[in-house]
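2 protein chains.
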Amino acid sequence: MARELTVIQRKILDYIIDRIKIYNLPPTLAEIAGYFGYNNRATVQQHLSAIERKGYIHRNPKLSRGIVLTFEDKFFVPKPVLGEVAAGNPLTIYPDAIDTVALPTVAKTPRDSFLLKVKGESLKDAYIFTGDIIIVNPNIEAVNGKFVVAVLDDAAVVKRFYRERSSIELHSENPEYEPIVIDKNYPNFKIVGVVVGIYRSMEKMVG
Amino acid sequence: MARELTVIQRKILDYIIDRIKIYNLPPTLAEIAGYFGYNNRATVQQHLSAIERKGYIHRNPKLSRGIVLTFEDKFFVPKPVLGEVAAGNPLTIYPDAIDTVALPTVAKTPRDSFLLKVKGESLKDAYIFTGDIIIVNPNIEAVNGKFVVAVLDDAAVVKRFYRERSSIELHSENPEYEPIVIDKNYPNFKIVGVVVGIYRSMEKMVG
DNA sequence: AAATTTACCATACATATGTATGGTATTTTA
DNA sequence: TAAAATACCATACATATGTATGGTAAATTT
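Residue numbers (the working numbering), protein chains in the order written: chain L, 5 to 211; chain P, 5 to 211.
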């Protein structure tokens with residue numbers, strides 16, 4: 005994905021992403037300028053040129069609201085960026101990890117949710133499979149029995165959440181895998197969000 | 005959903021839906037006028053007023069590309085409209101039907117697909133459940149083993165497709181249900197489309 | 001039979017919109 | 001140290017855009 009964005013260019017791109025995800029409508033130059041307090045659209049225009057030159061957007065000439073995101077599939081970007089969600093921990097493969105995920109830079113997808121791609125077999129008894137896309141909301145409180153995305157040391161897992169007296173348990177549906185028990189004071193643990201939906205493509209699936 | 009649209013109003017609404025679904029961008033008045041060959045935008049403006057008055061869209065005043073669809077959840081409308089897809093057969097409960105569906109008026113959703121809501125248990129061994137939303141593409145050829153939506157007499161079913169020598173078989177994954185065998189000359193049978201994806205909301209699901 | 005709705009036309013208006021050009025100051029890169 | 005990129009500013013322009021008003025003819029409703 006081409007070159008790095010500057011801080012301001014990144015902020016502008018994030019704003020564009022937010023607008024598209026929330027209102028399903030890319031902003032105009034004037035709307036961007038208004039949001040960032042610029043006194044004219046030319047400033048935005050130049051930032052957009054840079055962002056486009058670096059490959060993050062495409063602009064349809066002369067077309068109003070013509071900004072298009074050029075991500076791989078509109079939701080994901082190639083590199084995992086869990087650090088942005090889980091306070092700087094890069095995503096690696098957890099030793100026992102049966103579920104690993106690829107996080108999007110687009111941190112808020114429909115409203116305030118984002119998407120993850122599921123890897124691994126531990127959820128198959130919950131009818132979630134490798135390749136399924138799960139939709140995660142980071143602003144919902146985890147409730148017993150719900151599926152959550154959690155970061156444990158350097159790994160991301162998708163499991164059922166159960167709060168016990170002095171610990172939290174993460175259960176796989178597949179009984180082959182033991183529940184993970186996390187002490188309340190465990191340092192490198194964080195609930196990333198609650199799974200609110202799943203999507204499965206059947207395009208290439210037969211039998 | 006308020007009053008009925010006229011034929012032309014319906015065509016304009018369909019065009020708006022297509023544009024939103026395909027390009028994720030509502031059209032401007034000028035674009036609509038151009039598509040339908042109108043010599044001015046005022047004609048479109050008046051049609052949009054009528055469509056809005058009847059409750060199918062909302063217009064954000066002064067906002068370019070400000071047309072918003074006012075369907076229940078952007079995909080479905082309350083009444084089943086299978087007739088539009090399956091040549092005038094209203095959707096009723098098929099005697100043996102274990103799968104019934106509620107079709108959207110929006111006949112082409114992401115590209116050329118539409119959405120159905122699954123009812124019944126016959127697909128549970130394929131990990132598709134009541135309440136799941138399936139995405140159906142009517143322009144893909146049915147291949148053995150793929151899930152298809154078919155209309156049989158007055159019922160819509162979702163089953164696996166198998167073409168035999170002189171017949172077509174529709175299999176449930178659940179072995180409790182016998183396969184449906186359709187003779188090649190059976191009159192009231194039609195493949196509506198191929199299931200290309202499923203979506204499941206887990207918002208209200210625990211345990 | 002009268003009134004309303006529908007389906008187009010034409011013209012006009014204020015503002016929104018993408019774009020172009022040129023300028024200044026600071027920071028980063030070569 | 002010189003060149004390039006960054007981050008703003010101001011002004012200008014052609015056209016796009018939503019909207020308003022008024023008109024005509026046919027179909028539908030009351």
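Idealized CB from N, CA, C, for every residue including glycine.
Owing to the predicted nature of the structure, the values given are computational and were not obtained by experimental measurement.
Kindly indicate which three-state DSSP category residue 37/L falls into: helix, strand or coil?
It is helical.
Just the Cα atoms here: how many angstroms apart are residue 199/L and residue 168/P?
When rounded, the distance between both Cα atoms is 41 Å.
For residue 183/L, which residues from the same chain have a beta carbon less than 6 Å from its beta carbon, with the 5 sequence-adjacent residues on both sides left out?
The residues are 173, 175.
Please list, in chain order, the residues of the region 56 to 72 of chain P that have any C-beta partner in chain L closer than 7 Å.
Those residues of the region 56 to 72 of chain P that come within reach of chain L (Cβ to Cβ, closer than 7 Å) are 68, 69.
Taking all protein chains shown into account, do 16 or more other C-beta atoms lie within 10 angstroms of the C-beta of residue 185/L, making it buried, or fewer, making it exposed?
With fewer than 16 Cβ atoms within 10 Å of its Cβ, residue 185/L is classed as exposed.
The alpha helix (DSSP H) that contains residue 53/L, what's its start and end?
Taken as a continuous stretch (DSSP letters only), the alpha helix (DSSP H) holding residue 53/L covers 45 to 57.
Can you tell me the Cα-Cα spacing of residue 36/P and residue 66/P, whole angstroms?
If I take the Cα positions, the gap works out to 17 Å.
Compare the C-beta of residue 22/L against all C-beta atoms of chain P and say whether one is closer than 7 Å.
Answer no: the Cβ-Cβ gap between residue 22/L and chain P never drops below 7 Å.
With burial defined as no fewer than 16 other Cβ atoms inside 10 Å of the residue's Cβ, what is the status of residue 64/L: buried or exposed?
With fewer than 16 Cβ atoms within 10 Å of its Cβ, residue 64/L is classed as exposed.
Hey, residue 238/L and residue 71/L: beta-carbon distance below 7 Å or not?
Since the first residue shown for chain L is 5 and the last is 211, residue 238/L is missing from the structure and cannot be characterised.
Leaving aside the five residues before and after residue 187/P along the sequence, list all residues of the same chain whose C-beta is less than 8 Å from its C-beta, in chain order.
These residues qualify, in order along the chain: 170, 171.
Taking only three categories from DSSP, how would you classify residue 42/L?
Correct three-state label for residue 42/L: coil.
Just verifying my parser: in three-state terms, what is the DSSP assignment at residue 186/P?
Three-state DSSP puts residue 186/P in a strand.
Do you know how far the Cα of residue 45/P is from the Cα of residue 45/L?
Taking the straight line from one Cα to the other gives about 27 Å.
Just the Cα atoms here: how many angstroms apart are residue 162/P and residue 144/P?
So the two alpha carbons sit approximately 15 Å from each other.
With C-beta atoms as the reference, is residue 197/P less than 7 Å away from residue 155/P?
Contact flag unset, no.
Quick check on this structure: which residue in 40/L, 29/L, 24/L, 31/L has the alpha carbon closest to the alpha carbon of residue 12/L?
It is 40/L.
Taking the alpha carbon of residue 53/P as the point to measure from, which residue in 26/P, 195/P, 28/P, 10/P has its own alpha carbon closest?
Checking every option, the nearest Cα to that of residue 53/P belongs to 10/P.
Residues of chain L with CB under 8 Å from residue 32/P, in chain order?
Within chain L, the residues near residue 32/P are 68.
Would you tell me roughly how many angstroms separate the C-alpha atoms of residue 6/L and residue 73/L, rounded to the nearest one?
Because the pLDDT of residue 6/L is 48, which lies under 50, any placement of that residue in the model is unreliable, and the number read from its coordinates should be weighed accordingly. Rounded to whole angstroms, residue 6/L to residue 73/L spans 14 Å at the Cα level.
Would you tell me roughly how many angstroms separate the C-alpha atoms of residue 32/P and residue 18/P, rounded to the nearest one?
If I take the Cα positions, the gap works out to 14 Å.
Indicate the three-state DSSP secondary structure (helix, strand or coil) for residue 20/L in the structure shown.
Residue 20/L: helix per DSSP, three-state reduction.
Using CA atoms only, rank isn't needed, just tell me which of 149/L, 179/L, 60/L is closest to residue 16/L.
It is 60/L whose Cα lies nearest to the Cα of residue 16/L.
Can you tell me whether residue 24/L is buried or exposed? The criterion is at least 16 other CB atoms within 10 Å of its CB, across all chains shown.
Residue 24/L is buried by the Cβ-count criterion.
Residue 57/P: which of 8/P, 164/P, 180/P sits nearest, CA to CA?
For residue 57/P, the nearest C-alpha among the options comes from 8/P.
Of the choices 50/L, 38/L, 195/L, 26/L, whose alpha-carbon is the least far from that of residue 147/L?
With distances taken between Cα atoms, residue 147/L lies closest to 195/L.
If you drop the 5 nearest sequence neighbours on each side, which residues of the same chain put their C-beta closer than 6 Å to that of residue 14/L?
Correct list: empty, nothing qualifies.
Tell me the DSSP bridge mates of residue 9/P?
According to DSSP, residue 9/P bridges with nothing at all.
Along chain P, which residues have their Cβ under 7 Å away from the Cβ of residue 28/L?
The answer, in chain order, is 28.
How about residue 110/P: is its C-beta nearer than 7 Å to some C-beta of chain L?
Confidence at residue 110/P is low in this model, with a pLDDT of 36, below 50, so the placement of that residue should be treated as unreliable; the coordinate-derived value is given next. No, because no Cβ of chain L sits closer than 7 Å to the Cβ of residue 110/P.
Do you know how far the Cα of residue 38/P is from the Cα of residue 49/L?
For residue 49/L and residue 38/P, the distance between alpha carbons rounds to 28 Å.
How big is the Cα-Cα spacing for residue 28/L and residue 180/L?
Cα-Cα distance, rounded: 42 Å.
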